[in-house]
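K.L.:
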Amino acid sequence: MRAWMCERDQLQEKFKTHQLVEVVELFHSCYSWVWSVVVLGRSFEVTQCLSCDKQLHMTSMSRFIICISKTRTCGEIGRLTHVTASTSNRQVRAALQAYFHCSRQISSDTMGEYCLTYKDVEEAVERIKPAAHVTPVMTSKTMDGLAGRELFFKCELFQKVGAFKFRGAYNAISKLLEKAEDKSSIKVVTHSSGNHGQALALAAKMKNVPAFIVMQNISPKIKVTAVKGYGATVVECEPGEKSREETKDKVAKEQGAIFISSSQHPDVIAGQGTMGVELLNQVPDLDAIVAPVSGGGMVAGICIAAKHIKPDIKIFAAEPLNADDCAKSFAAKERIPLPWPPDTVADGLKTSVGPNTWPIIKDNVEDVITVTEEEIIKATKLMWERVKLCVEPSAGTAVAAVLSDKFRALPPSIKKVGIILSGGNLDLSKLSTWF
Ligand SMILES: Cc1ncc(COP(=O)(O)O)c(C=O)c1O
Numbered sequence: 001m002r003a004w005m006c007e008r009d010q011l012q013e014k015f016k017t018h019q020l021v022e023v024v025e026l027f028h029s030c031y032s033w034v035w036s037v038v039v040l041g042r043s044f045e046v047t048q049c050l051s052c053d054k055q056l057h058m059t060s061m062s063r064f065i066i067c068i069s070k071t072r073t074c075g076e077i078g079r080l081t082h083v084t085a086s087t088s089n090r091q092v093r094a095a096l097q098a099y100f101h102c103s104r105q106i107s108s109d110t111m112g113e114y115c116l117t118y119k120d121v122e123e124a125v126e127r128i129k130p131a132a133h134v135t136p137v138m139t140s141k142t143m144d145g146l147a148g149r150e151l152f153f154k155c156e157l158f159q160k161v162g163a164f165k166f167r168g169a170y171n172a173i174s175k176l177l178e179k180a181e182d183k184s185s186i187k188v189v190t191h192s193s194g195n196h197g198q199a200l201a202l203a204a205k206m207k208n209v210p211a212f213i214v215m216q217n218i219s220p221k222i223k224v225t226a227v228k229g230y231g232a233t234v235v236e237c238e239p240g241e242k243s244r245e246e247t248k249d250k251v252a253k254e255q256g257a258i259f260i261s262s263s264q265h266p267d268v269i270a271g272q273g274t275m276g277v278e279l280l281n282q283v284p285d286l287d288a289i290v291a292p293v294s295g296g297g298m299v300a301g302i303c304i305a306a307k308h309i310k311p312d313i314k315i316f317a318a319e320p321l322n323a324d325d326c327a328k329s330f331a332a333k334e335r336i337p338l339p340w341p342p343d344t345v346a347d348g349l350k351t352s353v354g355p356n357t358w359p360i361i362k363d364n365v366e367d368v369i370t371v372t373e374e375e376i377i378k379a380t381k382l383m384w385e386r387v388k389l390c391v392e393p394s395a396g397t398a399v400a401a402v403l404s405d406k407f408r409a410l411p412p413s414i415k416k417v418g419i420i421l422s423g424g425n426l427d428l429s430k431l432s433t434w435f
């Protein structure tokens with residue numbers, strides 16, 4: 001942040017007549033969204049403040065730079081999200097560099113602080129209390145023997161919709177409603193063929209909010225039926241990232257719906273962080289927590305929560321080797337998203353770590369442990385057979401990581417390990433291919 005400070009006066013002077021306030025704060029609070037909101041030579045319509053959800057007006061001020069009007073609706077200027085157009089990181093970076101006449105390298109991943117704090121997680125704990133289950137923690141002597149440590153399974157497969165995703169979705173929608181002046185105008189949209197889609201659909205139904213879930217036209221019928229069953233509108237798109245994004249943007253624009261990203265929305269991350277609080281209430285003397293990683297919302301949320309409560313706790317991310325962007329990024333100390341989509345049985349773990357979750361993961365995760373498809377299947381089956389917990393392979397990935405040679409080689413001082421069993425939504429039609 002300090003690097004930006006020196007330009008502050010210069011920028012404020014420049015934007016004085018355009019009502020821009022606190023340039024430093026602008027970057028401070030929206031740094032993580034900046035790559036998706038700056039658009040060269042384009043004029044935006046409106047976007048909203050993620051902190052208070054009031055609408056902020058953005059216009060293109062000069063050739064490319066963001067401007068936020070003085071519609072300062074909360075303590076900070078606001079992170080920006082949901083715009084009608086986007087541009088590549090490279091273009092944005094080049095534009096910012098040109099604007100600031102600055103030769104130093106600007107990286108989206110080194111620009112600032114995290115997009116949420118422990119306070120956000122604390123608030124999320126209160127927000128989701130009336131709706132989410134406090135999921136049980138289970139133990140198994142057999143599994144302890146296999147891992148050589150004491151394991152504590154946090155059973156998010158028993159969460160509403162059968163996965164932890166309900167926490168983040170419910171927190172995000174509840175916060176939107178809390179802050180909205182006209183609650184009846186709130187609508188939400190996301191793209192997800194998995195647990196987040198179902199979670200957002202259910203949370204929206206519980207809060208009487210219209211939800212639009214963009215699903216690829218190759219999504220299993222059972223998942224489409226589940227989302228429709230929760231009362232959401234399913235909008236089909238072609239397979240592939242481009243169509244998903246475009247369809248989501250179209251729905252957002254046409255319906256005036258707010259995009260709730262499955263792992264990058266700060267309120268979603270805060271909601272997932274409630275697991276860390278809950279688990280450390282249930283087992284206060286844990287030495288480590290292992291959780292599967294995809295977009296990183298869960299691991300990032302747990303890092304923010306658990307490291308605040310118990311700073312010496314170690315957080316490990318578990319990832320399929322076939323979708324190892326987090327491991328590669330961790331090794332390179334730079335976010336390296338995978339070409340989409342990777343092929344793995346852990347169908348909840350195909351997304352790459354995103355710009356909001358990466359800085360948190362980079363700083364707080366002890367290590368990323370990758371496991372093969374065979375290891376994932378073996379660990380998942382082991383959980384069914386020996387622990388009688390019907391976990392899905394994405395959750396089995398965390399179990400596989402704890403049973404891996406790499407984890408077994410960790411010092412014996414890591415005695416008590418929490419494992420997040422993140423979901424239990426099995427695609428039964430695929431099971432035959434496993435045996
Ligand atoms: C069951 C399950 N576990 C783990 C994850 C990974 O969560 P995140 O994207 O927050 O890393 C997902 C994501 O969809 C999931 O459905």
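Letter by letter, the sequence shown follows residues 1 to 435 in my numbering.
Backbone N, C-alpha and C define an ideal beta-carbon position, used for all residues, glycine too.
1) Under the criterion of a Cβ to heavy atom distance below 8 Å, does V365 qualify as lining ligand 2?
2) Closest by CA to E126, which one among F407, N322, Q272, P292?
3) What runs of the alpha helix (DSSP H), each 4 residues or longer, lie entirely inside the stretch 246 to 292?
4) If you reduce the DSSP assignment to three classes, tell me which class I336 lands in.
5) Would you call K141 buried or exposed, if buried means 16 or more other Cβ atoms sit within 10 Å of its Cβ?
6) Considering only the beta carbon of each residue, do A400 and L421 sit closer than 9 Å?
7) Output the distance between the C-alpha atoms of D182 and K175, rounded to the nearest integer angstrom.
8) Can you give the Cα-Cα distance for A323 and A332, rounded to whole angstroms?
9) When the distance is taken between beta carbons, is L151 closer than 9 Å to I419?
10) Evaluate contact between the stretch 230 to 249 and the stretch 183 to 197, counting only Cβ atoms and requiring at least three cross-stretch pairs below 8 Å.
11) Closest to G197 by C-alpha separation, out of I186, G301, Q216, S185, would be which residue?
12) Report back the beta-carbon spacing between V482 and A327 to the nearest angstrom; my notes put them in contact at under 8 Å.
13) Three Cβ pairs or more, each shorter than 8 Å: is that satisfied between the stretch 269 to 284 and the stretch 293 to 304?
14) Hey, is H133 close to ligand 1, as in C-beta under 8 Å from one of its heavy atoms?
15) Answer yes if the stretch 198 to 217 comes into contact with the stretch 160 to 171, meaning at least three C-beta pairs across the two stretches below 8 Å, and no otherwise.
16) For the beta strand (DSSP E) that contains F158, what are its first and last residues?
17) Quick check on the DSSP output: the beta strand (DSSP E) that includes H191 runs from which residue to which?
18) Got a sec, what are the start and stop residues for the alpha helix (DSSP H) G418 sits in?
19) Please list the terminal residues of the continuous beta strand (DSSP E) segment that includes D367.
20) Please confirm whether V353 and I315 have their CB atoms less than 9 Å apart.
21) To the nearest angstrom, how far is the alpha carbon of L177 from that of H133?
P.N.:
Well, looking at it:
1) Looking for ligand 2 in the displayed structure turns up nothing; the ligands present are ligand 1.
2) As a first step, residue 126 must be located in the sequence shown, where it is residue number 126. Ranking F407, N322, Q272, P292 by Cα distance to E126 puts Q272 first.
3) 266 to 282
4) Looking up residue 336 in the sequence shown gives position 336. Correct three-state label for I336: coil.
5) Locating residue 141 in the sequence shown gives position 141, counting from the first residue. With fewer than 16 other Cβ atoms within 10 Å, it is exposed.
6) Walking along the sequence shown from the start, residue 400 turns up at place 400. Walking along the sequence shown from the start, residue 421 turns up at place 421. Going by C-beta atoms, A400 is not nearer than 9 Å to L421.
7) Position 182 of the sequence shown holds residue 182. Position 175 of the sequence shown holds residue 175. Each residue's Cα considered, the two are about 13 Å apart.
8) Here residue 323 is taken as the residue at index 323 of the sequence shown, counted from 1. Here residue 332 is taken as the residue at index 332 of the sequence shown, counted from 1. The alpha-carbon atoms of A323 and A332 are separated by roughly 16 Å.
9) Counting from one through the sequence shown, the residue named residue 419 turns up at place 419. Counting from one through the sequence shown, the residue named residue 151 turns up at place 151. If you check the CB distance, I419 and L151 come in under 9 Å.
10) yes
11) Stepping through the sequence shown from its first residue, residue 197 is reached at position 197. Checking every option, the nearest Cα to that of G197 belongs to Q216.
12) Because the chain spans 1 through 435 in this model, residue 482 falls outside it and cannot be assessed.
13) Contact check between the stretch 269 to 284 and the stretch 293 to 304: three or more CB pairs, one atom from each, fall below 8 Å, which counts as touching.
14) The count along the sequence shown starts at 1 and reaches residue 133 at position 133. Not one heavy atom of ligand 1 lies closer than 8 Å to the C-beta of H133.
15) yes
16) Counted from its first residue, the sequence shown places residue 158 at position 158. That residue, F158, is in no beta strand (DSSP E); it is neither H nor E in DSSP.
17) Within the sequence shown, numbered from 1, the residue matching residue 191 stands at position 191. Element bounds for H191: 188 to 191.
18) For this step, residue 418 is matched to residue 418 along the sequence shown. Element bounds for G418: not the alpha helix (DSSP H) but the beta strand (DSSP E), 416 to 421.
19) Within the sequence shown, numbered from 1, the residue matching residue 367 stands at position 367. Looking at the DSSP string, the run of the beta strand (DSSP E) that includes D367 is 365 to 371.
20) On the sequence shown, position 353 is the one that residue 353 refers to. On the sequence shown, position 315 is the one that residue 315 refers to. In this structure, I315 does not lie closer than 9 Å to V353 by Cβ.
21) The residue labelled residue 177 in the question sits at position 177 within the sequence shown. The residue labelled residue 133 in the question sits at position 133 within the sequence shown. Approximately 21 Å, taken between the alpha carbons.
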